[in-house]
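Novice:
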Amino acid sequence: MHKGCLQLLIAIFCMLPMVCLAEEENIGKRADSYFNEGYQAYFKNDVDNAILNFSKAIELNPTRSNYHLFLGKAFQKKGILPKATDELKFAVEIEPDLVEAHIKLGDCLYSQGLWSDAEKAFLKVIKLKPDDFEGYYKIGQVYIKNKRVDEAVANLLKAKDMNPEEPNIPFYLGQAYLEKDEIFLAISEFGNAIKIESNNPYYYYWRGNAYFASGDYRDPNDYYWRSVDDYQKAIEFGLATPYVYFMYGNTILNRAFYCTTANRKEDSLDLLERGIVKYKKVIELEPKASNAYNNLGLAYFYLGRLDESITAYKTAIDLEPVIAFFHDNLGDAYYKKAQFKESVTEWNLVKELDPNYIMSQIYAPVPPRPIKQKLREAKRRVE
């Protein structure tokens, strides 16, 4: 080979690594450029554009953990949780000590109801950052969901000691105490959350539930009937959902029943009318809310408006024909109207639907009678 050609070939081979290195640098720069575009879009809530650019960055360089982290966060923000989970798993495979990725992965798994997998992610967070509240706080939520309530309380108390200013910690601690039937501890913790963040509707809603669970509607002093105020606050702060109105109606209805037994007839009548308004609001927001129709029927029943009561019960049954106590209540309305044959039909249906049914457990001014006794009396009337 000519000496000049040989020298040229040697020069070319020497330059190849430099060319490859330059190409790698160029790919890296292009990947970073796409990532930066995605990063800016992400924080402008332009999530689709963020996903597009993060994906392009990963195509060019799939080995960067932060690329997968942010693509996972973007999918999570978009509500595409399976894809978010996959990307976050890639991120922790590439960088096992990336705490934020473990937290976000745990959040995605939690949102999908994958409690055991979420627990593993949050245990990893605790291992990596044992002096930070977030792992204990997150795993406490998981333990509430899978009914390991004592562990939930222990972890949430630890998180609370580390960060007493985070309102969601006492909020979830209140839920854990509620699961344990430690009602007054639950009320106290929901109150602590409200002290830190006084305009969060969920805190009022859950404290309202705790007050309701305590039977506050039976207190002789109206001042201590607190659930009604908390449900109202929840609505005022933006949680005007069917279920909040339903619970609002329930505490009013039960207060009405209490006032009947306490010989406060005028108060009872007024409360029954107020309860009707709340249940109608539930139905306006959710027309298929069978329980709202049933409780509307109860309010009409105790006001003596039997035709309206029967119509409400029938609608509840049309929506959910297999609920035994709907038929039981309709039977009561027919019986009170002296339509004994119809009441027999309904109470026979109760026995068919639930052979072990004894009586409605609803708190009412008149103690409910066993279904067999009612059926026996109605049959006598028919004969």
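So the sequence shown is residues -22 to -1, 1 to 361, counted in mature numbering (1 follows the signal peptide of the UniProt record, and there is no 0). For glycine and all other residues, C-beta sits at the position ideal for the given N, C-alpha and C.
Have a look at Ile29 and Ser205 and give me their C-alpha separation to the nearest angstrom.
Specialist: So the two alpha carbons sit approximately 44 Å from each other.
Novice: Out of Ser268, Ile261 and Ala164, which has the shortest C-alpha to C-alpha gap to Gly152?
Specialist: When each option's Cα is compared against that of Gly152, the closest is Ala164.
Novice: What is the DSSP secondary structure of Gly50, counted as helix, strand or coil?
Specialist: Looking at Gly50 - three-state DSSP - the assignment turns out to be helix.
Novice: By Cβ distance, which residues of its chain are closer than 7 Å to Asp245, with the 5 residues on each side in sequence left out?
Specialist: Same-chain partners within the cutoff: Cys237.
Novice: Determine whether the beta carbon atoms of Leu106 and Ala79 lie at a separation below 8 Å.
Specialist: Their beta carbons are not under 8 Å apart, which means Leu106 does not touch Ala79 by this criterion.
Novice: Are Asn178 and Phe215 closer than 8 Å when you measure CB to CB?
Specialist: It is a contact, given that the beta carbons lie within the stated cut-off.
Novice: How would you label Lys211, buried or exposed, when you count the other beta carbons within 10 angstroms and need 16 or more for buried?
Specialist: Looking at its Cβ environment, which holds 16 or more other Cβ atoms inside 10 Å, Lys211 is buried.
Novice: Phe318 to Leu308, Cα distance in whole Å?
Specialist: Near 11 Å, if we compare the C-alpha coordinates of Leu308 and Phe318.
Novice: Tyr335 and Glu324: beta carbons closer than 8 Å?
Specialist: No, the pair does not count as a contact, with Cβ atoms beyond the cut-off.
Novice: Quick one: what does DSSP say Arg359 is sitting in, helix, strand or coil?
Specialist: If DSSP states are grouped into helix, strand and coil, Arg359 belongs with the helices.
Novice: Straight-line CA distance for Ala191 to Asn27?
Specialist: About 47 Å.
Novice: Can you give the Cα-Cα distance for Lys263 and Thr219, rounded to whole angstroms?
Specialist: Looking at the sequence provided, one finds Leu at residue 263 rather than Lys. Looking at the two C-alpha atoms, the distance is approximately 7 Å.
Novice: Assign Val70 to buried or exposed, taking buried as 16 or more other Cβ atoms, counted over all protein chains shown, within 10 Å of its Cβ.
Specialist: The residue in question, Val70, is buried, as its Cβ has 16 or more Cβ neighbours within 10 Å.
Novice: Which residues mark the beginning and the end of the alpha helix (DSSP H) in which Asp306 is found?
Specialist: Segment Ala302 to Lys314, the alpha helix (DSSP H) holding Asp306.
Novice: Rounded to a whole number of angstroms, what is the C-alpha to C-alpha distance between residue 380 and Lys123?
Specialist: No statement about residue 380 is possible, as the shown extent of the chain runs from -22 to 361 and does not include it.
Novice: Report back the beta-carbon spacing between Tyr195 and Arg233 to the nearest angstrom; my notes put them in contact at under 8 Å.
Specialist: Correct: roughly 4 Å between the Cβ atoms.
Novice: From Ala286 to Phe68, what distance separates their C-alpha atoms?
Specialist: The sequence as given places Glu at residue 286; Ala does not occur at that position. Straight-line Cα distance between these residues: approximately 60 Å.
Novice: Since Gly16 and Asn4 are thought to touch, with beta carbons under 8 Å apart, how far apart are those beta carbons, to the nearest angstrom?
Specialist: Wrong, their Cβ atoms sit about 19 Å apart, outside the cutoff.
Novice: Is it the case that the Cβ atoms of Ser338 and Pro346 are separated by a distance below 8 Å?
Specialist: For Ser338 and Pro346, yes; Cβs fall inside 8 Å.
Novice: Report yes if the C-beta distance between Val344 and Ala302 is below 8 Å; otherwise report no.
Specialist: Cβ distance not < 8 Å, so Val344 and Ala302 don't count as in contact.
Novice: Looking only at C-alpha atoms, which of Gln54, Ala267, Asn23 and Ala356 sits nearest to Phe304?
Specialist: Selected option, being the one with the closest Cα: Ala267.
Novice: Taking C-beta to C-beta, are Thr63 and Leu76 nearer than 8 Å?
Specialist: In this structure, Leu76 does not lie closer than 8 Å to Thr63 by Cβ.
Novice: Terminal residues of the continuous alpha helix (DSSP H) containing Gly186?
Specialist: Element bounds for Gly186: Pro179 to Ala191.
Novice: Look up Asp128 in the DSSP assignment and say whether it is helix, strand or coil.
Specialist: Here Asp128 sits in helix by DSSP.
Novice: Within 10 Å of its beta-carbon, does Lys116 have 16 or more other beta-carbons around it, so buried, or fewer, so exposed?
Specialist: When all chains shown are included, Lys116 counts as buried.
Novice: Please look up how many angstroms separate the CB atoms of Phe149 and Tyr181, rounded, as I've assumed it's under 8 Å.
Specialist: That pair is a contact at about 6 Å.
Novice: Could you pull the start and end residues of the alpha helix (DSSP H) that Leu30 belongs to?
Specialist: Val25 to Leu38 is the extent of the alpha helix (DSSP H) around Leu30.
Novice: Can you tell me whether Ser176 is helix, strand or coil according to DSSP?
Specialist: Correct three-state label for Ser176: coil.
Novice: Are the CB atoms of Phe100 and Asn141 nearer to each other than 8 Å?
Specialist: Not in contact: Phe100 and Asn141 (Cβ atoms no closer than 8 Å).
Novice: Judging by CA-CA distance, which residue of Thr293, Ala290, Asp296 and Asp200 is the nearest neighbour of Leu249?
Specialist: When each option's Cα is compared against that of Leu249, the closest is Asp200.
Novice: Tell me which residues share the same chain as Glu143 and place their Cβ nearer than 6 Å to its Cβ, disregarding the 5 neighbours each side in the sequence.
Specialist: Closer than 6 Å at Cβ, skipping near neighbours: no residue.
Novice: Do Ala130 and Ile161 have their C-beta atoms within less than 8 Å of each other?
Specialist: It is not a contact, given that the beta carbons lie outside the stated cut-off.
Novice: Can you tell me whether Gly50 is buried or exposed, with buried defined as 16 or more other CB within 10 angstroms of its CB?
Specialist: So Gly50 ends up on the buried side.
Novice: Spatial neighbours of Leu297 within its chain, please: C-beta separation below 6 Å, excluding the five flanking residues on both sides.
Specialist: So the list reads Lys266 and Ser268, once near-sequence residues are dropped.
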